[in-house]
Each structure stands twice: as structure tokens, then as C-alpha cells.
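Written out below as C-alpha cells is the structure these notes cover.
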Amino acid sequence: MFDIDYAKTPVTDFYGINCFTETEMGKYLSDPIIRELKEVQRGQRELTSELADFVASAMKQWALSKGATHFCHWFQPLTGLTAEKHDSFISPTKGGKVLLEFSGKELIKGEGDASSFPNGGLRATFEARGYTAWDTSSPAFLKDVNGVKTLYIPTAFFSYNGEALDKKVPLLRANQAIEKQTLRVLRALGNNKVKRIIVNIGPEQEYFLVDKKFYDQRPDLRLSGRTVMGNLAAKGQELNDHYYGTIGDRVTVFMSELNFELWKLGISSKTQHKEAAPNQFEIAVVYDAANLSTDHNQLLMDVLQMVALRHGMVALLHEKPFLGVNGSGKHDNWSLSTDDGTNLLSPGTNVEDNLQFLIFLTAFIKAMDEYAPLIRCGAATAGNDHRLGSSEAPPAIISIYLGDQLSSILDTITMEGCCTKSDRQFVRMGMTMLPQLPKDLTDRNRTSPIAFTGNKFEYRMVGSSQSMAGPNIYINAAVAQILEEAADRLEAADDKELECHNIIRDFYQNHKRIVFNGNGYSREWKEEAAQRGLPDFRDTVSALPQMVSEKSLELFEQQHVFTRSEISSRLDIYLQTYSKQINVEASIMVEMCRKSIIPAVISYVGKLSDSLSKQEARGLAVNAQQQLVNTVQTALNQAIEATEQLHVCIAKALSYKDEVLRQAQIYRDEVVQQMQLLRSHVDLMETYTDKACWPFPSYDDLLFRL
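Whatever position you read off the sequence shown (first residue = 1), add 15 for the numbering used here.
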């Protein structure tokens, strides 16, 4: 299974061997060339064709030494997935021979049909040209699929006219925006040593594993990623025995290979454990720069699914594969750091005196409040609608958890302008054999959409299948906008320290309505949030139009993250994606009912009726059996009617193809509602139908047989 004897080879010997890191570059490039490339990566100089040729030659030599035959530009279009086109290194010569070539031009630039990807009207079939451009800040890597190795080059994707058609370009722009404004704030506070700012993120990826033999028998899982029907198993997660439980042998072996594959790619997978639901797991990586971490998460999801298949399993990344148990999310741990290693969100030992921490903390609070509708859009997908606000994931109302101690410090500063120092607290168990542990500044509130967790903010609304780019584009842009305001005030002030205190007080006092340390799942919080004036966009279709509100448009333009045409096109794309996803699920539902479930239940009712007739002929009591037949027959009749009505709803929604918002609204209000009604009838039929007669694997098969 493994090309390396991992039992005898230390991780340090093979970590990153399939990634073109600086260490690997050093084997093929001179130190001056590497220094020049690093200056390009830091934005200190332009990439020249000469430098590109040197790097391309080195990449080729490295890839060939590993056995690669092809290369590809790897990019992230607005499908939410990755895309790639493979080209071989061969170049024919006279005499029927070939050379192996890879030029700087091929490294820097590729071309694709932009009209074949979601583009929101920015490209058409008669003007389809799109370009991919090498992202120097994300290292190339080798992908090994059953011994076939290909050189992958992370790239950006944009149109002939320069419009961003991917998730990477706006993320890089947003990173640049927040770096610029953060440096301005630090300069105004007297810090002139820092040269660069890094947005760090650390995603926690949740997923389900199911046996492939059962997966292959479920058309809904194969085509949509989730079960659109299925009666709940007798046991779910109510015993709380799965979370952090012992990992079974089969999954342990899978996780081991997954880690090895990720480590070879230079992806620092760190933590793995069982999650709350049966067959649900999580893998978390060490935080890294936002752009690189986003690339790594896309690659992680790909490798996760590939390795699962090798073990006869399928990894499900949908936000809600199964009704009745928790869905899957992807926590986004967000922080700001400097090039000298300082975490700007680290409170330090004396929080009250750490003005640098407090100004960035309160700027984040204000940004989340001012642009809450936009932050909500960062988690708006059809799959995520099943999770948010369902007592398994944070509500759709944006709020921030700070913890009582930090909230108290900010409240005191707001009221008095200063704060007495708080003593370090410890957790003591009262037994000498257990150590006393320093208590964290904050507790852990699992119900909060955004929580401060010691030295970072954890944005918990992101769906498990989403790219990390979208949420962080919005967060970075919003925080950059508020930091620009802070920088303007500081630069204009004579007394910087006094103005810093004023900014901290103003930002918190005017925006502390978004701070909530209580139970976000409670009905009382929804009522209180409404009283506070916090927006509540309960579903994707309600939230997405906020992307093009005048406030959002002004933000994107001022921070140079999106043009108006770029963000308008994305709204159309995301609404269309929502509609297409629901359409696929509804169509599968109709097909499964018409071709499999309804015929199976008709046959089963026939068997019951035959048995009933024979028993009646013998003079046996059949009241209970007759009641069973009536129950199943009633559910069958209702399912047949609901199936045909769902078909009508789908046809109605499809007729609005030229009105993307109206179409999405019909899918939400009519198609989804009809799907829920049909499911209730089908799930009831499954409850009463002989398992041998039911045409699809049950929840018991999918969730408890691995």
C-alpha cells in the first residue's frame, strides 16, 4: 500500500517530499535565484521571464526525478471544487524522438475556456478566453495517484479582461488589503520594524465515512452527497458515546495512510478524532497563511476522498448527509501575525495594558457587527442551510463570544477609560496527583458563530464542503475597512496613546451589541438578538443578496477586493448553484420513488394482502394485519401523490431560468418544502416495510456498519 516503509522511516525524512519547498529548490537553484523568488513572493519585485525560466527548469528536474510525466495548472473556479488540465513534458524532435521541456512561459501562464466554468455572464462561448497565472506564494506539488505522478502548479484564474473567475484572486486581494491597513495601524502606534502581515487560518475539517458497498447502492449519496430519504436508525448520537470515542481498526488504518499522504505533500495534519455523530470524524491541520492554508484544505479534501476509496470507504463532505444526527462543518480559526512572529490577537499577560491587542480585538468586533450580513454570506450554501440554527451548529445570527472575563475588561475600559489588572486564575481539582492548570482567558462556547478562543477568532459557521477562501475574503475585507478607519484616526492624532484608548472605547461601546456569551441555541437569544437589531438571514437565498448591498459594494471597491461586475456575477453564480443543487436532490428523489421505492412498496403491500386473504380464508383474526396494510397503503398513496407534486414543483422552478433570484426562491419555498413532505411519507413506509423488500441500504447500514 505504501511506497515508503513508514514503520522504519521517521516523519522528518519524508515530510514534504512531494512539495517543491525551499529545501527542494536549494537542490536545483542557486541562493541568489531563491532570494529573488522570495522577494517576488513577498511582493517586493516583479517576476521576470528569466527568473521564471530558472524556476521552471528546476521544477521540471525535480518532478522528473520523482517520476512525473505531466504538469498542470491547478486552480479553484467558482464551482467550489478545483480544476486542472494536464500537459506532458514531451516535445517531439526530428527522427521520432522527444525532449522533455518546461519553460518559464508554461509555468507562468495557461489558458482555458472560461465560458465552461461559472462566470456569471463575464464570459460567453464567443468570447471564452480565460487565463491561469502561477501563484508564486503557494508551492508546486506532486500528486501521486496509484503511482502516476503529476506536477501541480497552484494558479489564479481570470478572464481575458482581467476579471477574477476564481476564489484565489479575491483572497489575495483581501490579504493585501488587511496587510496594508494593519501596517498603518502598527506604524501609527510606533512599530516600524514589522514589514509584513500574515493572515493565518487553521481549518478543522469534519467528514463522514461510509462503506462503499452501501454508498454505491444509494443514488442520492452518489449524485448529491446526501441522503434525501431514510428512516432514522434506532440509535443515533443521543448516548454521546461517539465524540472522542475509540477509533476502530479500519478507520485507524485509513487515518494513518491519510496522514502519510498529507505529510508527504507538506500539509501539517495534526489532530484527528471521532466527532459527535456515528461514523463522523474530524481532521485538523496546523494553521498557516490564509492563501496556502486554503490551497491545502482543497488538497486535503481531495486526498481524504482518494485515500478513503483505497480502504473501501467513501468520505462524505456534504454538510448534512444524514437526517437526525449532526452535520459537518469546518471551523475557521483566524488570526493576524507579523513577520517577526507576533500574534496581534494574543492578549499577553496584562490584557488591560495591551493596547495593540485591544485595538485589533475591538476592530474585529466592529467589523463583524458592521458587515454581519456579508459575514453571513460566507457560510451561505444549500447544504449549510440544513445545519445552521438546528442546535447542532451556530445560529444564522452573527454574534461574538468573548467570555465573561474579557467582556468585563472591555466593559470597564468603556465605562472608566482604564481597568484594574486581573489575576491569573487556575483550575484546581483538590488532589495532589493532578496538576493545577492555568485557566484560559475564555471558556469554549460551542453555540457561538464566532468565538474568541485565547489568541484567535474561531468562525464556526463554514460548511464542510466549502472552500476556505470565501469566508476569509469577507472577514479580511471587513476587518481591513475598520482598520483603515483606525489608522486614519491614529495618524491624525497628536496623542497616539490617548486616541488609541478612544478608538478602543468607541469601537466596543458602539458595537458590543454583537457580543453574546450565552446559549446561541436558545429561543430567548433569537428574541434578544432581534431586540438588539442584529440581522437574521435564516437561509442562503435570504442572505446572498447582501453581497451586492450598497454597503458591501462600497467595501469591496474601497479595499480593491472585487469590482461591481465581479461581485454581481458571483451573486448570480451562487444563486444558480443553490438552485442546481436543490434541483439535483429533488430530481433524484423523484427518480428513486418512481423507479424503486413505490414499486417495492406496491409489491410488499401485495404480499401482505395475499397473506391477509389466506388467513381470512382460514378464519383467523386479521384486524392487526389489516391495520398494517391500511397504514402502508395510506403512506403509499400519499407518497405517490407527493412524488408527482414534487415533479410539478421542479418544472415550475426550471421555468424561471432567466430569473435567478426568483428561481432560487421557488426552490426554497416550494421544492424544498415538497421534498420534506415526500420524505415524511417515504420514511414512514420504510418503517413498516420488510427490510428485504426495501430497495436501498438503511441508516443502520450506512452509520453503524463500517
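For every residue, glycine included, the Cβ atom is placed at its ideal position computed from N, Cα and C.
Bear in mind that the values here come from a model prediction, so they are computed numbers and not experimental data.
How would you label residue i, buried or exposed, when you count the other beta carbons within 10 angstroms and need 16 or more for buried?
i    : result
T267 : exposed
L224 : buried
I617 : exposed
A475 : In the sequence as displayed, the identity of residue 475 is Arg instead of Ala. By the 10 Å Cβ count, R475 comes out buried.
S564 : exposed
H333 : buried
H88  : buried
G621 : exposed
M604 : buried
V675 : buried
Y259 : exposed
V243 : buried
H401 : buried
N207 : exposed
P336 : buried
D264 : exposed
P410 : buried
To the nearest whole angstrom, what separates the beta carbons of residue i and residue j, a pair I think is in contact under 8 Å?
i    : j    : result
C708 : A615 : 6 Å
L122 : V70  : 6 Å
I415 : I465 : 5 Å
Y43  : Q91  : That belief does not hold up - the Cβ atoms of Y43 and Q91 are roughly 27 Å apart, past 8 Å.
S479 : S343 : 4 Å
M700 : A654 : 6 Å
V214 : N470 : Incorrect: roughly 14 Å between the Cβ atoms, too far for contact.
I'd like the span of the alpha helix (DSSP H) that includes residue i, first residue to last.
i    : result
Q573 : 565-573
N652 : 638-669
Y167 : Y167 -> not in any alpha helix (DSSP H); beta strand (DSSP E) instead, spanning 163-174.
S628 : 613-632
L115 : Per DSSP, L115 belongs to no alpha helix (DSSP H); it is in the beta strand (DSSP E), 113-115.
G393 : No alpha helix (DSSP H) contains G393, which DSSP labels as neither H nor E.
E506 : 484-507
Y230 : 227-230
E334 : Element bounds for E334: n/a, residue is neither H nor E.
V26  : 26-29
From the DSSP output, in three-state form, read off residue i for me.
i    : result
S106 : strand
C34  : strand
V340 : coil
P218 : strand
F577 : coil
A291 : coil
D235 : helix
K715 : Inspection of the sequence shows that residue 715 is occupied by Asp rather than by Lys. Of the three classes helix, strand and coil, the one that applies to D715 here is helix, per DSSP.
C608 : helix
T427 : helix
M316 : helix
A78  : helix
H88  : strand
W149 : strand
A304 : strand
D698 : helix
L721 : coil
K776 : With the chain covering only 16 through 721, there is no way to say anything about residue 776.
A179 : strand
Y386 : coil
D128 : strand
K706 : coil
D746 : Absent from the model: residue 746. The displayed extent of the chain is 16 to 721, so no value can be given.
N207 : coil
I282 : coil
L452 : Because the pLDDT at L452 is just 49, under 50, the model does not fix this residue reliably, and the value given afterwards should be weighed accordingly. L452 falls in the strand class under three-state DSSP.
L9   : For the chain, the structure presents residues 16 to 721; residue 9 sits outside this window and is missing.
N190 : helix
Y21  : coil
Taking the continuous beta strand (DSSP E) assigned at residue i, which residues delimit it?
i    : result
V160 : 156-160
I298 : 295-300
A466 : 465-467
S350 : 345-353
L331 : 328-331
E121 : First-last for E121: 119-123, but that is the alpha helix (DSSP H), not the beta strand (DSSP E).
Y474 : 472-474
Let me check you understand the geometry: is the CB of residue i closer than 6 Å to at least one non-hydrogen atom of the ligand ADP?
i    : result
G145 : What this structure holds is no ligand at all, so the ligand ADP is not there to describe.
**Request:** Could I get the ranges of all uninterrupted alpha helix (DSSP H) runs contained in the stretch 514-559, with 4 residues as the minimum, in chain order?
**Result:** 538-547, 555-558
**Asked** If you scan the stretch 239-275 from start to end, which runs of the beta strand (DSSP E) of 3 or more residues do you find wholly inside it?
**Response** none
**Message:** What ranges does the beta strand (DSSP E) occupy inside the stretch 34-69, keeping only unbroken runs of at least 3 residues that lie completely in it?
**Reply:** none
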